[in-house]
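Chemist: Below is one structure. I have some questions about it.
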Amino acid sequence: MFKKNMFLDYGYNSSSAEKMKLIKKYGFDGIFLHANSSFEENVKLASEYGLKIETIHLPFHNVCNNVWLDDPSGEEYTELIIEWINKASNNNIDKVIFHLSQSNTPPQMNELGFARIKRMLDVAKAKNVYIAFENLRNLEYLEATMDRFGPSDHAICCFDVGHASCFSKNIDTYDFPRYAGLIRCLHIHDNHGEKDEHLLPFQGSIKYEEVFNKLKKIGYCGDLTLEVISKDTSMPEEEYVKNAKKALDKIESYIL
345 MFKKNMFLDY GYNSSSAEKM KLIKKYGFDG IFLHANSSFE ENVKLASEYG LKIETIHLPF
405 HNVCNNVWLD DPSGEEYTEL IIEWINKASN NNIDKVIFHL SQSNTPPQMN ELGFARIKRM
465 LDVAKAKNVY IAFENLRNLE YLEATMDRFG PSDHAICCFD VGHASCFSKN IDTYDFPRYA
525 GLIRCLHIHD NHGEKDEHLL PFQGSIKYEE VFNKLKKIGY CGDLTLEVIS KDTSMPEEEY
585 VKNAKKALDK IESYIL
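For the numbering used here, add 344 to where a residue sits in the sequence shown, where the first one is 1.
So, in structure tokens, the structure goes:
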């Protein structure tokens, strides 16, 4: 059996405590969090509800491209990431999620950026935290990073099912064997292949049985984690969380 987690900020206007109560009620093992101002409060609540924090998603929106820039913003971003690696370690969270680029036209990869990533990884290794690099629009950034670094450097991969469908548009041909032993966590959500919708699995066009059969073949043995976000609250929140767990249980049947 696989451990099952759900993104805490899945939509609706409920409090974090109310969300965790439902997540626990329907049999999830844990949650994953974004690095934001609610982090410390959510860590305490997760402990109260008996939910493990699987990962922290590091800051990325409008800042992750800075890692490649030869200006102060790049150094500031590097220090911010190191700060969150330390927070993860201090709270016994052993994986953090990192975006290597944003948009269709990110800055070019360069040695300065890789040196900064090495600094982050050195801290992560010292703190026993793994940095999970995520597949995005520009797979060459992920490929180049994983060619340089690997699990011995505390560099691993987070495979985002939805991104492979709508960003790189290679969900049917994704080179899973290349990442055997590197994919250690997942972001599971659905879309129709055009935009990042974060739908519940089986609400879009992704063929989950095919994807998870391939993950099974490369020996994936990490957690199953939903990154779903409801934009339509016509479905009662409790029913939404219940359906999320049912979808994840179905996905688990493809990989057992």
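Virtual Cβ for every residue (Gly too), placed ideally from N, Cα, C.
To test your reading of the DSSP string, which unbroken beta strand (DSSP E) runs of 3 or more residues are found completely within the segment 435 to 520?
Modeler: With a minimum length of 3 residues, the continuous beta strand (DSSP E) runs that stay inside the segment 435 to 520 are 439 to 442, 474 to 478 and 499 to 504.
Chemist: Candidates S512, E478, G494 and G374: which alpha carbon is nearest G525's?
Modeler: With distances taken between Cα atoms, G525 lies closest to G494.
Chemist: Assuming K586 is part of the alpha helix (DSSP H), what are its boundary residues?
Modeler: E581 to I599
Chemist: Nearest-angstrom Cα distance between F477 and N357?
Modeler: 30 Å
Chemist: Pairing CB atoms from the segment 564 to 579 with CB atoms from the segment 541 to 550, are three or more of them under 8 Å?
Modeler: yes
Chemist: Is the segment 385 to 395 close to the segment 578 to 587, with three or more CB pairs under 8 Å?
Modeler: no
Chemist: Check L402 in the structure and name its three-state DSSP category.
Modeler: Coil, per DSSP.
Chemist: Please state the DSSP three-state secondary structure of N430.
Modeler: helix
Chemist: I527 and F511 - do their beta-carbons sit closer together than 7 Å?
Modeler: no
Chemist: Using CA atoms only, rank isn't needed, just tell me which of R460, I532, L568 and I599 is closest to D373.
Modeler: L568
Chemist: Contact check, L366 vs E581 under 8 Å by CB: the rounded distance?
Modeler: 7 Å
Chemist: Whose C-beta lies closer than 8 Å to the C-beta of I595 among residues of the same chain, with five residues either side of it excluded?
Modeler: I532, P545, Y552, F556 and L568
Chemist: With a cut-off of 8 Å on the beta carbons, I'd call L480 and H498 a contact; round off their distance for me.
Modeler: Incorrect: roughly 20 Å between the Cβ atoms, too far for contact.
Chemist: How should G418 be labelled, buried or exposed, when 16 other C-beta atoms within 10 angstroms of its C-beta is the threshold for buried?
Modeler: buried
Chemist: Which residues in the same chain have their Cβ closer than 7 Å to the Cβ of G457, if we skip the five residues on either side of it in sequence?
Modeler: V411 and W412
Chemist: Indicate the three-state DSSP secondary structure (helix, strand or coil) for G418 in the structure shown.
Modeler: helix
Chemist: Go to I527, then tell me how far its beta strand (DSSP E) extends in each direction, as first and last residue.
Modeler: I527 to H531
Chemist: Put I367 into one of helix, strand or coil per three-state DSSP.
Modeler: helix
Chemist: Tell me whether C565 is buried or exposed, calling it buried when 16 or more other Cβ atoms sit within 10 Å of its Cβ.
Modeler: exposed
Chemist: With 16 other CB atoms within 10 Å as the buried threshold, where does L600 fall?
Modeler: exposed
Chemist: Considering just the uninterrupted stretch of the alpha helix (DSSP H) at L386, what are its terminal residues?
Modeler: Leu is not the amino acid found at residue 386; the sequence shown has Asn there. Note, N386: alpha helix (DSSP H), F383 to Y393.
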